[in-house]
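First up is the structure itself, then whatever we jot down about it.
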Amino acid sequence: LYWADNVRAGILQPPMLGKFRGDVGEFFGVEEVEGKKVLCRLRWLRGNPRSPQWEQAFSADGGKTWETNWIMTFTREEQK
1 LYWADNVRAG
11 ILQPPMLGKF
21 RGDVGEFFGV
31 EEVEGKKVLC
41 RLRWLRGNPR
51 SPQWEQAFSA
61 DGGKTWETNW
71 IMTFTREEQK
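Mapping to this note's numbering: the sequence shown position 61 is 61, numbers consecutive.
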């Protein structure tokens, strides 16, 4: 997965690498937070097809522990 830089237009961040296993996709990369490099995990949860979820977490200890700092839950609008 590639993210576009929201500060410097037109710049792609380094790729997040990973894959889906069943209904969970995990993608990993390195981010800089307050001047320090930390592991970043993006997790897609597609167990509920009407409401998939995306999470971002950081790890300062090489992936032993994770701090989730962003969760998005998507919903599909009912068709009229």
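Ideal placement from N, C-alpha and C gives every residue a C-beta, glycine not left out.
Note that the structure is a prediction, hence the values are computed from the model and not measured.
Cβ neighbours of residue i in the same chain (closer than 6 Å, five flanking residues each side left out)
i, result
"residue 20", "none"
Straight-line Cα distance separating residue j from residue i
i, j, result
"residue 80", "residue 33", "44 Å"
"residue 71", "residue 47", "15 Å"
"residue 55", "residue 28", "12 Å"
Beta-carbon contacts of residue i that lie in its chain and below 7 Å, excluding the five residues immediately before and after
i, result
"residue 26", "18, 41 and 43"
"residue 73", "51 and 53"
"residue 65", "59"
"residue 69", "56, 57 and 58"
Cβ-based neighbour list, residue i, same chain, cut-off 8 Å, excluding 5 preceding and 5 following
i, result
"residue 75", "50 and 51"
"residue 16", "1, 2, 3, 27, 28, 29, 40 and 42"
*Do the stretch 31-40 and the stretch 57-69 meet, that is, are 3 or more Cβ pairs less than 8 Å apart?*
yes
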